[in-house]
Amino acid sequence: FSRLLKERIIFITGPVEDGMATLVCAQLLFLEAENPKKEINLYINSPGGVVTSGMAIYDTMQFIKPAVSTLCIGQAASMGSLLLTAGHKDMRFATPNARIMVHQPSGGFQGQASDIERHAQDIIKLKRRLNEVYVKHTGKSYEEIERTLDRDHFMTADEARDFGLIDKVISSREAAEATTASA
């Protein structure tokens, strides 16, 4: 992966969790320090994972100066789909056979009733925040995002493009380079 990092390519593969999120954030910050004007390419093949880990990556993507291009190869589900759509406008891609899935956050809690109630309130706040992020990056209304994310919603690459999660379905590197060169 060090050769890929030299080419400004970062991979998010497998579940999103604290260890990998720390590494991805560090790689983003390193590449910004190397050249704050040159784009970074984030390849995603992830079933999703821990929301706070994903939001650390999201916040870092938004924080740094370089434009971050995102490309879904395989799947971008749950938090993976949020990271996919968080790429720089006109630089969010998926390959033709990619699958994208969006849904509301989930969690399981046990304990005293008052603790469960607090956790429920917290997950509702989290749901609102995630919906706001999708609204920002897709251009859809809050109500449409809330409706779509109510249950697991699987999309083809074309459907994800039509929904606003990505900008283009690409089948070759040349297509991606032509798009980013004009962006």
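Going left to right, the sequence shown walks through residues 9 to 191 as this note's numbering numbers them.
Note that the Cβ used here is the ideal one computed from N, Cα and C, for glycine as well.
Assess contact between the region 133 to 147 and the region 75 to 84, defined as three or more Cβ pairs (one per stretch) separated by less than 8 Å. Is contact present?
no
Please classify ASP26 as buried or exposed, where buried requires at least 16 other C-beta atoms within 10 Å of its C-beta.
exposed
Relative to the alpha-carbon of GLU154, which residue among ASP67, LYS133 and LEU31 has its alpha-carbon at the smallest distance?
LYS133
Those residues which DSSP pairs with LEU79 across a bridge:
TYR51 and PHE101
Touch check for the region 114 to 133 and the region 168 to 176: three-plus C-beta pairs under 8 Å?
no
With C-beta atoms as the reference, is ILE18 less than 8 Å away from VAL32?
yes
Endpoints, alpha helix (DSSP H) assigned at ILE8
Past the boundaries of the shown model lies residue 8; the chain is included only from 9 to 191, so the question cannot be answered.
Note down, one range per segment and in chain order, each alpha helix (DSSP H) of at least 4 residues found wholly within the region 16 to 69.
26 to 42
Can you say whether ASN49 is buried or exposed, counting buried as having 16 or more other CB atoms within 10 angstroms of its CB?
buried
HIS96 versus ARG107, ASN105, LEU90 and ALA75, residue with shortest Cα-Cα distance
ALA75
Nearest neighbour of GLY119, chosen from ALA128, THR156, HIS111 and PRO113 [CA to CA]
ALA128
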